[in-house]
Every structure is written in structure tokens, then in C-alpha cells.
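Q:
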Amino acid sequence: MCGLAGYFYLDHRKEQCTTTIKEMIDLQKHRGPDDSGILAINTKDELMVSYGKENQKMARPCDLLFGFNRLSILDLSFNGHQPMVSEKNKVALMLNGEIYNAFDYKDDLTTKGYNFKSTTDTEVVLNLYLEYGMDGMIKRLNGMFAIVVWDMRIKKLFLARDRFGIKPLYILKQNGRISFSSEMKSFGVLPEFSFELDKTKLDEFLLFRNVINDTLFKNIRNCKPGSYLSVSQTGDIKEHIFYDINEEGADLKSKKDALNDLERSLQRSVQRQMISDVKLGCQLSGGVDSSLVAYYAKKSLEEGRLETISIKFSNPLFSEERYIDFVARQLELIAHKYTMEGEYYFNELEKATWHFEQPLNHPNTIGIYLLSQEAKKHVTVLLSGEGADEALAGYRRFINNIQSPYFNRHFLSKLKQNLPNLLSFLRYYNDGNCRLIMESSFSSIYSANELYPEFDSKLAFEKRKSILDKLDGDPILKHRKYELLTYLPDLLMRQDKMSMAHSIENRVPFLDNEMVTSSLNIAGDELIGSKNGRTEAKMILKVLCSKNFGNDFAFRRKKGFGIPLKDFMSSTDFQNRWKDEIEPGIEERGIFEVDSVSKWVSKIEKANSAQLDAIWLMTGFEIWAKKYLD
Numbered sequence: 001m002c003g004l005a006g007y008f009y010l011d012h013r014k015e016q017c018t019t020t021i022k023e024m025i026d027l028q029k030h031r032g033p034d035d036s037g038i039l040a041i042n043t044k045d046e047l048m049v050s051y052g053k054e055n056q057k058m059a060r061p062c063d064l065l066f067g068f069n070r071l072s073i074l075d076l077s078f079n080g081h082q083p084m085v086s087e088k089n090k091v092a093l094m095l096n097g098e099i100y101n102a103f104d105y106k107d108d109l110t111t112k113g114y115n116f117k118s119t120t121d122t123e124v125v126l127n128l129y130l131e132y133g134m135d136g137m138i139k140r141l142n143g144m145f146a147i148v149v150w151d152m153r154i155k156k157l158f159l160a161r162d163r164f165g166i167k168p169l170y171i172l173k174q175n176g177r178i179s180f181s182s183e184m185k186s187f188g189v190l191p192e193f194s195f196e197l198d199k200t201k202l203d204e205f206l207l208f209r210n211v212i213n214d215t216l217f218k219n220i221r222n223c224k225p226g227s228y229l230s231v232s233q234t235g236d237i238k239e240h241i242f243y244d245i246n247e248e249g250a251d252l253k254s255k256k257d258a259l260n261d262l263e264r265s266l267q268r269s270v271q272r273q274m275i276s277d278v279k280l281g282c283q284l285s286g287g288v289d290s291s292l293v294a295y296y297a298k299k300s301l302e303e304g305r306l307e308t309i310s311i312k313f314s315n316p317l318f319s320e321e322r323y324i325d326f327v328a329r330q331l332e333l334i335a336h337k338y339t340m341e342g343e344y345y346f347n348e349l350e351k352a353t354w355h356f357e358q359p360l361n362h363p364n365t366i367g368i369y370l371l372s373q374e375a376k377k378h379v380t381v382l383l384s385g386e387g388a389d390e391a392l393a394g395y396r397r398f399i400n401n402i403q404s405p406y407f408n409r410h411f412l413s414k415l416k417q418n419l420p421n422l423l424s425f426l427r428y429y430n431d432g433n434c435r436l437i438m439e440s441s442f443s444s445i446y447s448a449n450e451l452y453p454e455f456d457s458k459l460a461f462e463k464r465k466s467i468l469d470k471l472d473g474d475p476i477l478k479h480r481k482y483e484l485l486t487y488l489p490d491l492l493m494r495q496d497k498m499s500m501a502h503s504i505e506n507r508v509p510f511l512d513n514e515m516v517t518s519s520l521n522i523a524g525d526e527l528i529g530s531k532n533g534r535t536e537a538k539m540i541l542k543v544l545c546s547k548n549f550g551n552d553f554a555f556r557r558k559k560g561f562g563i564p565l566k567d568f569m570s571s572t573d574f575q576n577r578w579k580d581e582i583e584p585g586i587e588e589r590g591i592f593e594v595d596s597v598s599k600w601v602s603k604i605e606k607a608n609s610a611q612l613d614a615i616w617l618m619t620g621f622e623i624w625a626k627k628y629l630d
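Below you can see the structure in the form of C-alpha cells.
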């Protein structure tokens with residue numbers, strides 16, 4: 001796990017020194033504190049020159065710059081240094097991430113005449129590219145990655161991102177230059193660039209808390225998960241899709257086969273992701289997903305005891321400590337537990353926002369920040385359960401979506417929230433696809449209108465609907481694909497940014513290639529079922545969990561990674577901060593209406609979940625705006 005950055009002049013300009021690229025990678029040193037490297041490339045004269053950590057005048061002006069920070073995970077020696085260049089100096093490559101099946105190809109590449117100087121996955125990927133080209137290389141990879149390649153032979157730059165966007169890769173095209181980076185903050189040092197809010201994206205952000213394949217900044221976008229870009233010297237940019245989620249779910253299994261296949265796939269996935277030359281542990285929330293990951297990690301551990309990191313709360317309504325302790329006893333873990341307090345929570349908002357680079361859209365982001373901070377005392381790599389709820393239908397909205405839409409409590413709750421916009425609400429809710437989208441929205445249309453007078457739900461819904469309309473499968477399969485494409489990417493960025501803030505690599509076994517295929521081949525009636533008189537989501541995974549931890553553990557009511565937000569917001573510190581800093585900042589910025597939110601803050605003990613969410617949203621947005629827009 002590392003950080004990369006660079007830029008390519010498309011207008012024949014050239015750099016004379018390494019100052020700018022060094023500043024770019026210095027801003028994300030936390031992603032790779034063990035080593036750094038700069039590669040300057042003159043594409044016309046076919047020259048590649050490596051530079052060290054200090055600012056240096058280049059031997060010859062260059063139009064393409066690569067910069068890299070390394071967190072050493074495999075092969076801790078200098079042999080793993082990046083950017084990595086091929087033997088004949090014709091191809092340069094940077095890899096941020098881990099390729100879990102890389103060494104499956106090493107023997108074959110060796111027989112084909114490729115030499116290896118390291119035991120890194122990066123060198124395998126470089127040689128796979130040399131042997132098979134971009135398409136052939138990338139379709140062979142099972143892992144999480146952002147990859148940048150320069151091929152001197154064909155004068156093309158390639159920018160690639162893994163299937164689900166586990167690793168970040170941002171693109172900025174401006175002023176005759178295409179720039180790329182693991183973190184957007186690095187763009188801030190580029191000449192003639194400043195961060196600006198793109199207000200056209202606020203509608204989607206207000207409803208869903210993220211902007212699909214995009215950001216809230218003008219001119220900065222994500223490299224789309226499951227794709228790569230090819231960039232020519234003339235500035236021609238083409239998008240190539242290498243993964244289509246509609247190819248999944250075509251081989252439905254019987255009940256017995258589905259359970260066996262799921263268990264086998266999860267065990268193999270965890271085992272693959274245990275590869276590391278540094279200490280590895282697990283996030284443990286006490287829930288089904290993270291507990292199963294810990295179970296199979298323990299089975300795969302060759303020696304010693306597995307270490308886990310957990311966050312707990314003083315408020316018992318939000319604490320899963322008893323289940324964390326149960327798993328720790330069952331598996332004989334070295335379990336590290338840390339209590340999240342309100343004082344820490346609000347003290348760390350600015351730091352976490354700087355790392356996240358967008359408004360903190362989910363309150364538990366700070367929990368992952370604390371978990372990663374404490375994990376650094378014990379391990380360098382963590383496994384987490386991210387992706388299970390999307391791939392295996394773990395959210396309550398999966399149940400709501402298959403029940404009669406007008407006779408479930410969630411509909412009545414949504415109806416009550418949207419009474420001032422009743423006709424608009426019913427028009428959307430009457431359409432099956434729109435209803436599914438509304439189930440996954442955070443805000444009601446009404447509350448979004450109250451916060452943002454210019455709010456228009458139509459464009460935000462149409463963008464999501466265009467994604468959903470292209471998906472194949474029965475209602476539950478289609479819904480799972482939709483969640484994987486729209487909701488999951490932001491959760492993955494939360495994990496990446498908060499863990500890398502503390503130089504921790506976070507891995508996600510539920511998103512292994514084989515594991516996703518196995519999950520999406522499970523029929524919907526194996527995922528939504530009845531147990532103890534209650535409709536259960538993610539049924540088959542809970543059955544698997546019950547085999548190892550018992551029914552009482554597996555089929556309890558889900559709490560999730562909740563945060564006692566009302567407790568924290570009731571504190572004098574937060575109340576004063578709202579009045580002295582947040583509220584005046586929002587008013588001065590003139591984007592959102594703050595009056596209603598301020599009333600909810602003043603009567604925080606009576607605030608409902610939607611009002612708490614609005615308070616959190618406004619707080620997060622204002623802190624982000626101060627960091628990046630002012």
C-alpha cells in the first residue's frame with residue numbers, strides 16, 4: 001500500500017526540476033513513509049532518469065513525472081523501490097495496492113525469460129505487462145490496485161483502477177496537462193490550480209452522500225473502478241472497461257452448493273490476503289462479517305496469535321463489546337480495544353477531513369480513524385469485512401425493497417418525512433427502480449430542500465437510475481450490483497483514507513475476485529429468509545457464521561458500526577463550536593440554509609435521526625470547505 005502522483009504535459013511543455021512532483025508526494029507521505037522515488041521522463045528523447053528525495057535540477061527537461069511513496073509490505077529491501085522500470089528502460093510502472101495472485105504467474109514468466117530482482121508483486125505486474133500488454137495484464141489480476149504505466153515503445157500513459165475502487169486514483173485534466181494522484185490534496189501544489197466547489201454535484205451529494213465516479217471539486221474526477229484510461233501525447237484520452245459486473249450472477253447454485261462454495265471462497269480469499277512480510281491483524285467489530293474474517297485469518301495463521309483491533313463506546317446501546325470479547329475468547333485472539341469518547345471525536349474532525357478530502361459523510365469515519373491510529377501500535381496490515389453487506393444483501397433496505405412497498409414501516413417513515421413534497425415523493429416511489437434508489441438515499445427530498453433551496457432531485461435520481469437500468473438479474477441480484485457500484489466505493493474510500501492516514505494497509509477479503517463471483521451466484525431466497533420469526537438479511541452468511549459461533553451470535557439484531565452521535569452533540573464543546581464556528585461559517589458561505597439546523601442543535605435531545613444526520617452533514621461540509629475551499 002502506497003501513494004502515487006504524477007503529471008503529463010500534453011502541450012509540449014517540460015519541467016526543469018523535481019520541485020513540484022516532490023511537493024506532490026510529500027503531501028501524501030503518510031501513505032508510504034518507508035521509501036520514496038521520482039522518475040522524470042523525456043518522452044521525445046526516450047529518456048528516463050530516477051531522482052532521490054531532494055529537489056534536483058533535471059539532467060534534461062522532462063514532460064512526464066512519476067512520484068511514489070512506499071509502505072513496504074512485501075520484500076522490505078530497496079529492491080521493491082518504485083517507480084519501477086523495465087530492464088531495457090522502455091516501460092515504467094507504479095503500483096499502489098496488493099495483487100494477491102501475482103506469484104501464480106512468476107514461474108511461467110521466468111520460463112519465458114523474465115528476470116526478477118525482488119519478491120514484490122509490483123515486479124510481477126511489470127513483467128505481466130511486458131508479456132501480455134495492458135488488457136492481458138489487468139484481466140489477470142486479483143487484488144486491489146491503482147496502476148500507472150508509461151510505455152515508451154507506443155508513447156502511451158495508462159491509468160488503471162481495481163474492479164470496485166478499493167484503491168483511489170484521481171484525475172485532473174487542466175491547462176494542457178493531465179495529472180493523477182492517490183490523494184487530491186497533491187493537486188493543490190500544481191501551478192495555475194486551486195480547489196473549487198462544483199455546485200452542480202451538490203444535489204447528488206445531499207441525497208446520497210457521495211458523487212459516483214466523481215468528486216465535489218471542479219475538474220477532478222475518479223478513475224472509474226474496473227477501468228483504465230489510455231492517454232496519448234496528443235491528449236487523446238480513452239476509457240477502457242475491463243470488468244463488467246453484469247457478467248456476474250449467471251451460475252446460480254443450489255442451497256447446499258451455495259453454502260459450501262461461499263465457505264470455500266471466503267477461506268481461500270482470506271488465506272490469499274494473509275501474504276505479508278510485516279505484522280498483520282484484523283478489524284473486529286463483533287459483527288458477522290469481521291468475525292468470520294478473523295475466524296479464517298486465525299485458521300490461516302502459520303504461527304503466533306492473531307491480533308485484532310476494536311472500537312467500543314461507553315454508551316451500552318452502541319457497544320458490541322460482549323460480542324468482541326466472545327470472538328476473542330473463541331479464537332484465542334490478542335484483542336486490542338479502544339473507547340471512543342466525544343472529546344476525541346470532535347477534536348479529530350479537522351485531521352480526518354484533511355485525509356478524507358470530502359465532507360465526512362458518515363459519522364463512523366472517525367471511528368475508523370481512531371481504530372487505525374491505535375492499530376499502528378501493533379500491526380501494519382489489517383483485514384476488514386467491508387463489501388459483505390453489498391455483495392450478500394446485508395442491509396435492511398434489501399428486505400424493504402422486496403416487501404410490498406406500501407405496507408412496510410420504512411415506506412411510512414419516508415412518507416412522513418416527505419409530506420411537504422408528497423406528489424414528487426409518490427411519483428418516485430411508485431417506480432420500482434426509483435423506489436430502490438430512494439431506499440438507499442440518506443436524506444428525504446423534503447430535508448434536502450430545506451437545507452438547499454436550489455435542490456433538484458431529478459438529475460440526482462436520473463443519474464442513479466441510468467446505472468440501475470443497465471443492470472441484469474432478479475430484484476435482489478440487481479440491487480446487490482447497484483449497491484456494489486454506487487454505495488460501496490465511498491465506504492472503500494473511507495477505509496483507505498482513514499487507514500492510510502496512519503500508514504496502515506487495509507484489505508477486504510469479501511471483494512476478492514473469486515469471493516465476489518461466489519457471492520453473486522447465490523440466489524436471492526438464500527439471502528433473505530426467516531429466523532426466529534424475524535426476516536433476516538444476509539441469511540446465508542449468518543448460517544455460515546452460526547457454524548462457527550452459534551445461532552445466538554449469528555442471528556442477533558444488527559447494530560452496525562454505530563456512533564452515539566446525540567451523546568457527542570449534546571456536549572458543551574460541540575454546542576459552543578456550532579454557535580461560534582460552524583453556524584457563522586455556513587451563513588457566510590451562503591450555500592445552505594442554516595436556520596432549521598440551528599434549531600435542531602439547540603434542542604438536540606429531541607432531534608430525530610434525520611435531524612441528527614442534517615446536523616452532521618452541515619458540520620462536515622463546513623469543516624471540509626474551510627480546509628479546501630477557503
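Residue numbers (full-length UniProt numbering): 1 to 630.
Each residue gets a CB set at the ideal place from its N, CA and C atoms; glycine is no exception.
Computed from a predicted model, the values in this text were never measured in an experiment.
When DSSP labels each residue in this structure, what does Y482 get in the three-state scheme?
A: Along the sequence shown, one-based indexing puts residue 482 at 482. Three-state result, Y482: helix.
Q: Using CA coordinates, which residue listed in N69, N364, F66, T200 is at the minimum distance from G562?
A: Here residue 562 refers to the residue found at position 562 of the sequence shown. Among N69, N364, F66, T200, the Cα nearest to that of G562 belongs to N364.
Q: Kindly indicate which three-state DSSP category D151 falls into: helix, strand or coil?
A: Position 151 of the sequence shown, counted from the first residue, corresponds to residue 151. In this structure, D151 counts as strand in the three-state DSSP scheme.
Q: For residue 632, tell me which candidate among L71, A328, Y338, V85 has the shortest Cα-Cα distance.
A: Residue 632 falls outside the range modelled here, since the chain spans only 1 to 630, and no answer is possible.
Q: Within a Cβ cutoff of 7 Å, which residues of the same chain sit near W624, ignoring the five residues on either side of it in sequence?
A: Locating residue 624 in the sequence shown gives position 624, where the first residue counts as 1. Closer than 7 Å at the Cβ level, and outside the excluded window around W624, lie T353, Q358, P359.
Q: Report the three-state DSSP secondary structure of T20 (helix, strand or coil).
A: Within the sequence shown, residue 20 is the residue found at index 20, counting from 1. Looking at T20 - three-state DSSP - the assignment turns out to be helix.
Q: Which same chain residues end up closer than 6 Å to Q495 when comparing Cβ atoms and leaving out the 5 residues on each side of it in sequence?
A: In the sequence shown, counting from the first residue as 1, residue 495 sits at position 495. Same-chain partners within the cutoff: E386, N506.
Q: Using a 10 Å radius around the Cβ and a threshold of 16 neighbouring Cβ atoms, would you call N142 buried or exposed?
A: If you number the sequence shown from 1, residue 142 lands on position 142. So N142 ends up on the buried side.
Q: Please report the distance separating the alpha-carbon of E622 from that of E588.
A: In the sequence shown, counting from the first residue as 1, residue 622 sits at position 622. In the sequence shown, counting from the first residue as 1, residue 588 sits at position 588. Their Cα atoms are separated by approximately 10 Å.
Q: Rounded C-beta distance between G37 and F180? I'm assuming under 8 Å.
A: In the sequence shown, the residue the question calls residue 37 occupies position 37. In the sequence shown, the residue the question calls residue 180 occupies position 180. With 8 Å as the limit, G37 and F180 do not qualify as a contact, their Cβ atoms being about 16 Å apart.
Q: Secondary structure at E239, three-state DSSP: helix, strand or coil?
A: Taking the first residue of the sequence shown as position 1, residue 239 is located at position 239. Here E239 sits in strand by DSSP.
Q: Would you say G80 and T110 are within 8 Å of each other, going by their C-beta atoms?
A: The residue labelled residue 80 in the question sits at position 80 within the sequence shown. The residue labelled residue 110 in the question sits at position 110 within the sequence shown. No. Outside cutoff.
Q: Tell me whether residue 657 sits in a helix, a strand or coil according to DSSP, three-state version.
A: The requested residue 657 does not occur in the structure, where the chain is confined to residues 1 to 630.
Q: Using 8 Å as the Cβ pair cut-off and three pairs as the minimum, do the stretch 444–458 and the stretch 592–611 touch?
A: Contact between the stretch 444–458 and the stretch 592–611 is present, because at least three Cβ pairs lie under 8 Å.
Q: Touch check for the stretch 310–326 and the stretch 284–294: three-plus C-beta pairs under 8 Å?
A: Verdict: yes, contact present.
Q: Taking the continuous beta strand (DSSP E) assigned at H336, which residues delimit it?
A: For the purposes of this step, residue 336 is taken as the residue at position 336 of the sequence shown. Here the beta strand (DSSP E) through H336 covers 334–340.
Q: If you draw a straight line from the C-alpha of Y296 to the C-alpha of I147, how long is it?
A: Taking the sequence shown and counting its residues from 1, the one referred to as residue 296 is at position 296. Taking the sequence shown and counting its residues from 1, the one referred to as residue 147 is at position 147. Their Cα atoms are separated by approximately 29 Å.
Q: Using DSSP's beta-bridge definition, name the partner residues of E15.
A: Your numbering for residue 15 matches position 15 in the sequence shown. According to DSSP, which records beta bridges pairwise, E15 is partnered with C62.
Q: From this set, L4, L485, T43, F8, which residue's C-alpha is nearest N69's C-alpha?
A: Here residue 69 is taken as the residue at index 69 of the sequence shown, counted from 1. The residue with the shortest Cα to Cα distance from N69 is L4.
Q: K57 and C2 look like a contact to me (Cβ under 8 Å); what is the Cβ gap, rounded to whole Å?
A: To locate residue 57, count along the sequence shown from 1; it is residue 57. To locate residue 2, count along the sequence shown from 1; it is residue 2. That pair is no contact at about 26 Å.
Q: How far does the beta strand (DSSP E) with F592 in it reach, from first residue to last?
A: For the purposes of this step, residue 592 is taken as residue 592 along the sequence shown, with counting starting at 1. Taken as a continuous stretch (DSSP letters only), F592 belongs to no beta strand (DSSP E), as it is neither H nor E.
Q: Sort M274, S314, S194, I241 by Cα distance to L172 and report the nearest one.
A: In the sequence shown, the residue the question calls residue 172 occupies position 172. When each option's Cα is compared against that of L172, the closest is S194.
Q: Where do the ends of the beta strand (DSSP E) carrying K531 lie?
A: As a first step, residue 531 must be located in the sequence shown, where it is residue number 531. Element bounds for K531: 529–531.
Q: What are the boundary residues of the alpha helix (DSSP H) that L39 is part of?
A: Here residue 39 refers to the residue found at position 39 of the sequence shown. First-last for L39: 35–42, but that is the beta strand (DSSP E), not the alpha helix (DSSP H).
Q: Within the same chain, show all residues whose beta-carbon is closer than 6 Å to that of D11, passing over the 5 residues directly before and after it, in chain order.
A: As a first step, residue 11 is located in the sequence shown; it is residue number 11 there, counting from the start. If we look at D11 and ignore the five residues flanking it on each side, its Cβ neighbours are G176.
Q: In three-state terms, what does DSSP make of I366?
A: Looking up residue 366 in the sequence shown gives position 366. Reduced to three states, the DSSP call for I366 is helix.
Q: Using alpha carbons as the reference points, say which of K155, N449, G281, F242 lies closest to L206.
A: Position 206 of the sequence shown, counted from the start, is the residue given in the question as residue 206. Here the closest residue by C-alpha is N449.
Q: Using only the alpha-carbon positions, how far apart do Q82 and L93 sit?
A: Here residue 82 is taken as the residue at index 82 of the sequence shown, counted from 1. Here residue 93 is taken as the residue at index 93 of the sequence shown, counted from 1. Approximately 8 Å between the Cα atoms of the pair.
Q: According to DSSP, is L451 helix, strand or coil?
A: Locating residue 451 in the sequence shown gives position 451, where the first residue counts as 1. Helix.
Q: Could you give the distance in angstroms between the alpha-carbon of G560 and the alpha-carbon of I368?
A: As a working note, residue 560 is residue 560 in the sequence shown. As a working note, residue 368 is residue 368 in the sequence shown. Its pLDDT being 49, under 50, G560 is placed unreliably by the model, and nothing is read from it.
Q: Excluding sequence positions up to five away, which residues of its chain have a Cβ less than 8 Å from the Cβ of E439?
A: On the sequence shown, position 439 is the one that residue 439 refers to. Taken in chain order, the residues that qualify are R397, N400, N401, H410.
Q: Is the stretch 152–168 in contact with the stretch 111–120, if contact means three or more CB pairs nearer than 8 Å?
A: No: fewer than three Cβ pairs fall under 8 Å.
Q: Does G6 come out as helix, strand or coil in the three-state DSSP assignment?
A: Indexing the sequence shown from 1 puts residue 6 at position 6. Strand at G6.
Q: Below 8 Å on the Cβ atoms is my contact criterion, and I expect R266 with L292 to pass it. Report the Cβ-Cβ distance as a whole number of Å.
A: In the sequence shown, the residue the question calls residue 266 occupies position 266. In the sequence shown, the residue the question calls residue 292 occupies position 292. The amino acid at residue 266 is misidentified as Arg; the sequence shows Leu. Contact flag correct, Cβ pair sits at about 7 Å.
Q: Our contact map puts I540 next to L259 with C-beta atoms below 8 Å; I'd like the distance itself, whole angstroms only.
A: Walking along the sequence shown from the start, residue 540 turns up at place 540. Walking along the sequence shown from the start, residue 259 turns up at place 259. Indeed they touch by this definition, with Cβ atoms about 6 Å apart.
Q: Sorted by chain position, which residues of the same chain lie with C-beta nearer than 8 Å to L382's C-beta, five sequence neighbours on each side aside?
A: Mapped onto the sequence shown, residue 382 falls at position 382. So the list reads L280, G281, C282, Q283, I309, S372, A375, S499, I504, E505, N506, R507, once near-sequence residues are dropped.
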